[in-house]
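Everything on this sheet refers to the single structure shown next.
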Amino acid sequence: MAIPQRRWVLHIDMDAFYASCEQLTRPTLKGRPVLVAGVSGRGVVAGASYEARKYGARSAMPTHRAARLVGPRAVLVAPRRAVYTTASRRVFELISRRVDIVEQLSIDEAFMEPAELAGVTSEEVREWSNRLRAEIKEETGLPASIGAGSGKQYAKIGSGLAKPDGVFVIPHAEQLDILHPLPVNELWGVGPVTEAKLATAGIETIGDFARLSEKEVEISLGGAVAKQLWWLARGVDDREVAPRAEAKQISSEHTYPQDLTAPPEVDAALRRAAEESHRRLLKDGRGARTVSVKLRMADFRIESRSATLPYATDDADTLLATAFKLVRYPDEVGPIRLVGVSYSGLEDALQDVLFPELDQRIVKPGPAATDFETGVSDHAAAAGVEFTAEAGEKPGVWRATQDVFHPEHGHGWVQGTGHGWVTVRFETRATGPGRTVNLRVDDPLLRPADPVDSLAWGDWLHRSI
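UniProt numbering puts the first residue of the sequence shown at 1, with every later residue one more than the last.
In structure tokens form, the structure reads like this:
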């Protein structure tokens with residue numbers, strides 16, 4: 001018999017959110033291995049469909065590697081932030097009708113603690129969660145997974161176990177049986193450094209960690225954070241579910257055990273920090289206007305330089321190129337110990353740029369950088385995967401996966417272009433799989449379109465303005 005439980009915390013996570021939005025609004029992509037990564041083959045994957053994940057592709061993986069793993073069936077699409085933020089807004093508007101307090105973590109996940117679930121059984125929680133998922137699916141067409149437990153840690157683990165498109169409830173009486181066999185890095189807050197420290201002590205699972213004494217935890221890790229992780233491993237998690245303050249800055253920095261003394265070493269460190277910050281920016285769901293580069297020298301001097309773009313963007317190439325314009329090298333400042341990159345001036349509204357390639361060119365500052373070119377790109381196109389270089393929004397020049405409109409055929413997206421012709425698949429969420437039409441690139445009736453129109457949520461968008 002199911003036993004009522006005093007507290008239930010839920011974690012909702014939209015499944016493969018970016019890729020699911022692409023498959024929703026471009027129905028011919030349903031069931032296909034989609035990589036939301038841009039069509040140039042550079043940069044990192046922002047989202048991968050479950051069909052792509054079967055090949056080993058995943059978010060934050062270099063695009064060229066993910067494309068090679070998937071092979072010729074890979075479908076690369078340029079990210080369309082406006083679509084994802086609009087879909088997210090509708091999902092969370094729906095959730096807010098059911099739950100008073102929602103702690104939104106990012107564009108596609110949140111914690112909830114519905115008052116109506118206090119003191120109910122695990123089966124009642126499962127039924128409630130499935131009703132919410134069904135409402136989201138019916139109203140938006142998007143899949144979601146929900147985990148539930150006595151605290152945030154167990155809800156988060158539950159949603160991972162629920163994927164894809166399911167519910168996983170962890171009753172209080174069973175949580176340690178479920179929690180303890182899991183790898184220790186599944187514990188929220190255990191990163192690579194903590195995991196390595198625990199591994200040297202022979203700790204591989206959450207259960208191994210939980211069985212340590214408090215004194216052993218202090219010796220192995222030390223600090224208040226380690227003790228909090230230990231309590232989580234032992235099943236104690238009374239953290240409050242509360243709305244989060246929006247981050248004003250997203251950053252990543254690394255201190256190196258040996259001083260960086262050569263420009264290629266600094267370049268690699270800059271790329272590492274920029275890419276980590278970019279992954280966090282994508283998860284946050286906003287774009288950045290300001291890029292800052294922080295350097296700490298071997299003598300502990302700190303230098304921070306910033307540049308502000310005239311528009312907010314989440315384009316990895318633009319942000320990285322801006323960082324390269326700011327960085328300085330050891331022959332100017334001496335040996336470098338720490339390199340960090342931060343993005344600020346965060347905004348929800350992103351702008352399309354007429355000639356994005358102008359801001360994406362990596363131009364290193366000063367004479368110190370002139371002898372060190374970027375070399376052969378490690379983002380070469382995968383064999384059997386066709387990449388189309390992105391172009392500016394000039395009349396008659398179209399880029400692959402761009403949203404377009406034609407008065408005769410409706411809303412569509414560019415599938416390819418060449419030899420004076422452009423191939424367009426005309427479809428939206430509402431149409432089902434559409435047909436392809438070949439048009440002249442200079443067809444006067446073909447024009448760029450708002451990506452949000454592919455959601456075909458006209459009535460809701462009109463009400464939500």
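Glycine is no exception: its CB is placed at the ideal position from the N, C-alpha and C atoms.
For residue i and residue j, what's the separation of their Cα atoms in angstroms?
i, j, result
"residue 114", "residue 440", "55 Å"
"residue 236", "residue 158", "16 Å"
"residue 94", "residue 127", "17 Å"
"residue 74", "residue 67", "6 Å"
"residue 449", "residue 61", "30 Å"
"residue 63", "residue 16", "16 Å"
"residue 176", "residue 253", "35 Å"
"residue 82", "residue 452", "6 Å"
"residue 336", "residue 197", "26 Å"
"residue 231", "residue 217", "11 Å"
"residue 162", "residue 72", "30 Å"
"residue 316", "residue 275", "8 Å"
"residue 407", "residue 443", "12 Å"
"residue 300", "residue 338", "9 Å"
"residue 264", "residue 271", "11 Å"
"residue 247", "residue 284", "9 Å"
"residue 29", "residue 154", "34 Å"
"residue 92", "residue 131", "15 Å"
"residue 251", "residue 277", "5 Å"
"residue 387", "residue 201", "At residue 387, the pLDDT of 30 sits below 50, so the modelled position is not reliable and the matter cannot be decided from this model."
"residue 476", "residue 454", "Absent from the structure is residue 476, since the part of the chain shown begins at 1 and ends at 465."
"residue 215", "residue 224", "13 Å"
"residue 19", "residue 49", "5 Å"
"residue 412", "residue 404", "5 Å"
Please classify residue i: is it buried, with 16 or more other beta-carbons within 10 angstroms of its beta-carbon, or exposed?
i, result
"residue 142", "buried"
"residue 152", "buried"
"residue 258", "exposed"
"residue 447", "exposed"
"residue 304", "exposed"
"residue 150", "buried"
"residue 249", "exposed"
"residue 100", "exposed"
"residue 169", "buried"
"residue 156", "buried"
"residue 146", "buried"
"residue 302", "exposed"
"residue 219", "exposed"
"residue 310", "exposed"
Taking only three categories from DSSP, how would you classify residue i?
i, result
"residue 442", "coil"
"residue 286", "coil"
"residue 32", "coil"
"residue 457", "coil"
"residue 212", "coil"
"residue 327", "coil"
"residue 309", "strand"
"residue 251", "strand"
"residue 302", "strand"
"residue 294", "strand"
"residue 76", "strand"
"residue 55", "coil"
"residue 423", "strand"
"residue 144", "strand"
"residue 100", "coil"
"residue 23", "helix"
"residue 398", "coil"
"residue 65", "helix"
"residue 200", "helix"
"residue 412", "strand"
"residue 240", "coil"
"residue 85", "helix"
"residue 120", "coil"
"residue 268", "helix"
"residue 261", "coil"
Output yes or no for whether 9 Å exceeds the beta carbon distance between residue i and residue j.
i, j, result
"residue 78", "residue 402", "yes"
"residue 90", "residue 139", "yes"
"residue 80", "residue 21", "yes"
"residue 287", "residue 347", "yes"
"residue 436", "residue 410", "no"
"residue 118", "residue 13", "no"
"residue 10", "residue 129", "yes"
"residue 103", "residue 307", "no"
"residue 425", "residue 432", "no"
"residue 281", "residue 331", "no"
"residue 184", "residue 195", "yes"
"residue 334", "residue 312", "no"
Q | Segment contact, 8 Å Cβ cut-off, at least three pairs: the stretch 78-90 with the stretch 54-63 | A | No, the stretch 78-90 does not touch the stretch 54-63.
- prompt: Using 8 Å as the threshold, is the stretch 308-325 in touch with the stretch 288-295, meaning 3 or more CB pairs across them?
  reply: Per the Cβ contact rule, the stretch 308-325 is in contact with the stretch 288-295 (3 or more Cβ pairs under 8 Å).
- prompt: Is the stretch 176-183 touching the stretch 200-214, taking contact as three or more C-beta pairs under 8 Å?
  reply: Cβ pair count under 8 Å is three or more, so yes.
Notebook entry, point to check: So, do the stretch 188-195 and the stretch 210-218 have three or more beta carbon pairs nearer to each other than 8 Å?
Noted result: As far as the Cβ criterion goes, the stretch 188-195 does not touch the stretch 210-218, which means the pair count is below three.
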